[in-house]
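These notes concern the structure reproduced below.
Numbering (our numbering), first residue to last: 4 to 123.
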């Protein structure tokens with residue numbers, strides 16, 4: 004495991020411990036953690052809207068770094084939710100690795116089947 008992957012899972016474990024200690028992990032809390040993921044995703048949309056200046060009243064209010072930071076929040080929140088649902092970070096990591104192993108060949112097949120794009 005790479006140092007960055009190890010750092011990521013340690014962070015997810017610390018966040019999981021923190022929310023477990025604060026809120027427990029009953030069915031209601033599991034639901035709220037899934038809803039937290041939806042909330043974080045909406046923050047990505049808001050940051051992107053702000054980056055492109057979609058709202059003429061507000062103009063440009065965010066940067067690409069802001070959007071990237073919100074996407075990172077979504078990633079960590081999703082992994083905490085995954086660890087919540089699967090039971091712990093070790094099981095969550097195994098589930099993610101298994102998922103990626105199943106999806107990897109499909110993605111490779113799609114990439115190999117896609118005709119090369121040429122610029123006009």
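Ideal placement from N, C-alpha and C gives every residue a C-beta, glycine not left out.
Going by alpha carbons, who is nearest to residue 39 out of 90, 94, 83? Mapped onto the chain shown, residue 39 falls at position 36. That would be 83, whose Cα lies nearest to the Cα of residue 39.
Where residue 81 falls, given that 16 or more other Cβ within 10 Å makes a residue buried: To locate residue 81, count along the chain shown from 1; it is residue 78. Buried, by the Cβ-count rule.
Exposed unless 16 or more other CB atoms sit within 10 angstroms - verdict on residue 36: Position 33 of the chain shown holds residue 36. It counts as buried.
Leaving aside the five residues before and after residue 26 along the sequence, list all residues of the same chain whose C-beta is less than 8 Å from its C-beta, in chain order. By 1-based counting over the chain shown, the position of residue 26 is 23. Taken in chain order, the residues that qualify are 32, 35.
According to DSSP, is residue 27 part of a helix, a strand, or is it coil? Here the question's residue 27 lines up with position 24 in the chain shown. Here residue 27 sits in coil by DSSP.
How would you label residue 110, buried or exposed, when you count the other beta carbons within 10 angstroms and need 16 or more for buried? Position 107 of the chain shown, counting from 1, holds the residue named residue 110. By the neighbour-count rule (16 or more Cβ atoms within 10 Å), residue 110 is not buried but exposed.
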